[in-house]
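Take a look at the structure set out below.
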Amino acid sequence: MLPGMGTIRLREDQPLDLSLSLSCGQAFRWEQREGWWEGVVGESLWRVRQEGRRVIYSGTTAPAVRHYLALDENLPVILASIDRDPVVYRSIEACRGLRILRQDPWEILISFICATNTNIPRIRKMIASLARTFGKRIPGSDEAVYTFPVPEALLVSCGDHLAACRLGYRDRSVAGTAGMVEEDPGILNRIAGFPSNDARAALLSFPGVGPKAADCILLFGFHRLESFPVDVWIRRIMHDHYMPPPPGAKGSSEKEDRRIREFGQEHFGAYAGYAQEYLFCARELLNGVKVRSPGPSSSGTPPARR
DNA sequence: AGCCAGGTCTGCG
DNA sequence: CGCAGACATGGC
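Counting from 1, position 17 in the first sequence corresponds to residue 1121 in our numbering; the numbering is continuous, with no gaps.
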């Protein structure tokens, strides 16, 4: 029997969609293999799988899994609180069981610096490349598996290694942010204790972190569930279904994104981040845009736009 | 081949 | 301030 193997029984009233939660774009290191989800959390390789109301795991412990999957949070209450209009209602129906994970702030900080102006498949590759190049190998796994690199690890090598990770122009931001965290190792812990607006301001001081990345880091790395990141998809959904862009508005602008974010937080309330994530995950349904997801996907005929 | 992607930063007016 | 371009790369 594998170390740390066990089963968690989900409460009848607490939905979970493990696959959706791990693949929806809030975490980038989970892969489906042989019926399991495999991912590195901290120093360990986890294997997780869901069978109905059971979560089966190995390589970790039940409390760690419960914490990571936020099984302590009352999802029906959260979903009821954001269920304020037919659009988000449809998203909830489509994605019920999606939970916002509790992930490591440092890993999320670097991940969402990498996530700017690119697509999810490539983000996954960039993160995998960083881990393979700078992380520690985790023993006891058939495939080579690596931890997410600590800040110092991203700095020691001569920079050629970073270039080899193919981050594009983001490599400077990753290196700069790693340098700042290495010089001030307590900074993320302090940010974790800040009120959200101060935490947001602090995150904006890292190179490569703008308003959208800061909100993603707050939501996924610091579990600030009121955060409402506005990316190209959310902007599209909000303009199509909630608040048409002002006449004469050209494409995207920081001002317009701020307007969308403020509307989202006002409209959805304290759990606006959950609303954002459900809308994001239902974007194909809502906007009729073909979206790729990892793993073998059985694609029917995509609905026409609108 | 060309448009686009979970945007950010810089340099203008 | 607010806005336009540049930006490095690869998915589709």
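Quick reminder that beta carbons are idealized off the backbone N, C-alpha and C, glycines included.
*Please report how far the alpha carbon of ARG1137 lies from the alpha carbon of ASP1246, in whole angstroms.*
ARG1137 and ASP1246: Cα-Cα distance of roughly 12 Å.
_Proximity below 9 Å, CB of LEU1390 to CB of ASP1361_ = For LEU1390 and ASP1361, no; Cβs fall outside 9 Å.
*Would the beta-carbon of VAL1336 fall within 9 Å of that of ARG1365?*
Inclusion of VAL1336 and ARG1365 in the CB contact set at 9 Å is not warranted, their separation being larger than that value.
_Let's see if you can read the secondary structure: which residues bound the alpha helix (DSSP H) around LEU1266?_
DSSP places LEU1266 inside the alpha helix (DSSP H), whose first and last residues are 1264-1268.
*Check whether PHE1216 and GLY1143 have beta carbons under 9 Å apart*: No. Outside cutoff.
*asked:* I need the straight-line Cα distance from ASP1187 to SER1195, nearest angstrom please.
replied: Straight through space, the alpha carbons of SER1195 and ASP1187 are spaced by roughly 9 Å.
*Roughly how many angstroms separate the alpha carbons of GLY1156 and ALA1267, rounded to a whole number?*
Near 44 Å, if we compare the C-alpha coordinates of ALA1267 and GLY1156.
*Is there contact here, the region 1196-1212 with the region 1165-1180, by at least three beta-carbon pairs under 8 Å?*
Three or more beta-carbon pairs drawn from the region 1196-1212 and the region 1165-1180 are found closer than 8 Å, and the two stretches are therefore classed as touching.
*Does the region 1222-1235 touch the region 1282-1299, meaning 3 or more C-beta pairs lie closer than 8 Å?*
No: fewer than three Cβ pairs fall under 8 Å.
*asked:* Does the region 1269-1276 come into contact with the region 1240-1259, if we say contact requires no fewer than three beta-carbon pairs (one atom in each stretch) closer than 8 Å?
replied: The region 1269-1276, when compared against the region 1240-1259, does not touch it at the 8 Å Cβ threshold.
*From this set, GLY1377, CYS1385, ILE1112 and PHE1384, which residue's C-alpha is nearest ILE1182's C-alpha?*
Closest in alpha carbon position to ILE1182, among GLY1377, CYS1385, ILE1112 and PHE1384, is GLY1377.
_Status (buried if at least 16 other CB within 10 Å, exposed otherwise) for PRO1253_ = Buried: at least 16 other Cβ atoms inside 10 Å.
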